[in-house]
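**Q** Read left to right, the sequence shown gives residues 137 to 260 (this note's numbering). Yeah, the Cβ is synthetic: ideal placement off N, Cα and C, and Gly gets one too. Being a predicted model, the structure only gives us computed values, none of them experimental.
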Amino acid sequence: MAKCPACEHEVATPFFMNADAWRWLACPHCAAKLERKSPRYLVALSSFMLALIALGGLGHRYRIIASVLLFALMVAFLAATSAQLLRPELQLRKPPPKAEVELKISDPPELADHPIHKRAEEFD
Ligand SMILES: [Zn+2]
Numbered sequence: 137m138a139k140c141p142a143c144e145h146e147v148a149t150p151f152f153m154n155a156d157a158w159r160w161l162a163c164p165h166c167a168a169k170l171e172r173k174s175p176r177y178l179v180a181l182s183s184f185m186l187a188l189i190a191l192g193g194l195g196h197r198y199r200i201i202a203s204v205l206l207f208a209l210m211v212a213f214l215a216a217t218s219a220q221l222l223r224p225e226l227q228l229r230k231p232p233p234k235a236e237v238e239l240k241i242s243d244p245p246e247l248a249d250h251p252i253h254k255r256a257e258e259f260d
């Protein structure tokens with residue numbers, strides 16, 4: 137469950153691995169299109185972890201400090217991740233940007249005897 141940012145109602149969220157269900161998620165109360173808020177603090181935590189690993193390379197004393205901090209950080213990371221999975225934060229989904237290049241699907245006839253088509257026939 138999560139809170140809809142538009143109408144403050146509770147919204148049932150799909151399983152976190154179900155990317156397709158997430159793509160079509162909308163609020164059943166106000167029909168706002170919703171998406172998962174990307175947890176920015178997880179990115180901050182992982183960059184801090186890298187800094188600690190670098191700190192550990194400076195010497196024996198630093199390595200002990202870095203190890204202790206890394207362990208604490210790992211616990212915080214796990215707690216934050218599981219909280220995010222149990223109760224994800226939602227934000228309104230923006231409409232996708234308009235395509236700059238239009239894709240033309242129809243096959244021009246002069247390409248019919250292109251080598252790539254001959255190769256495809258061999259596999260039929
Ligand atoms: Zn809503």
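Go to residue 176, then tell me how far its alpha helix (DSSP H) extends in each direction, as first and last residue.
**A** Per DSSP, residue 176 belongs to the alpha helix (DSSP H) from 176-192.
**Q** Could you give the residue range of the alpha helix (DSSP H) that holds residue 197?
**A** Residues 196-222.
**Q** How big is the Cα-Cα spacing for residue 138 and residue 195?
**A** Rounded to the nearest angstrom, the two C-alpha atoms are 46 Å apart.
**Q** Looking at the structure shown, is residue 235 part of a helix, part of a strand, or coil, going by DSSP?
**A** Reduced to three states, the DSSP call for residue 235 is coil.
**Q** Got a sec? Which residues, its chain only, sit under 6 Å from residue 173 by beta carbon, not counting five neighbours each side?
**A** Once the five neighbours on either side are set aside, the close Cβ partners of residue 173 are 225, 227.
**Q** Figure out for me which residue from 140, 148, 152 has the closest Cα to the Cα of residue 221.
**A** Considering only alpha carbons, the answer is 152.
**Q** Anyone know if the C-beta pair for residue 164 and residue 158 falls short of 7 Å?
**A** Cβ atoms of residue 164 and residue 158: not closer than 7 Å.
**Q** Looking at ligand 1, does it come within less than 6 Å of residue 165, judged from the CB to the closest heavy atom?
**A** Yes; taking the cut-off as 6 Å, the Cβ of residue 165 has a heavy atom of ligand 1 nearer than that.
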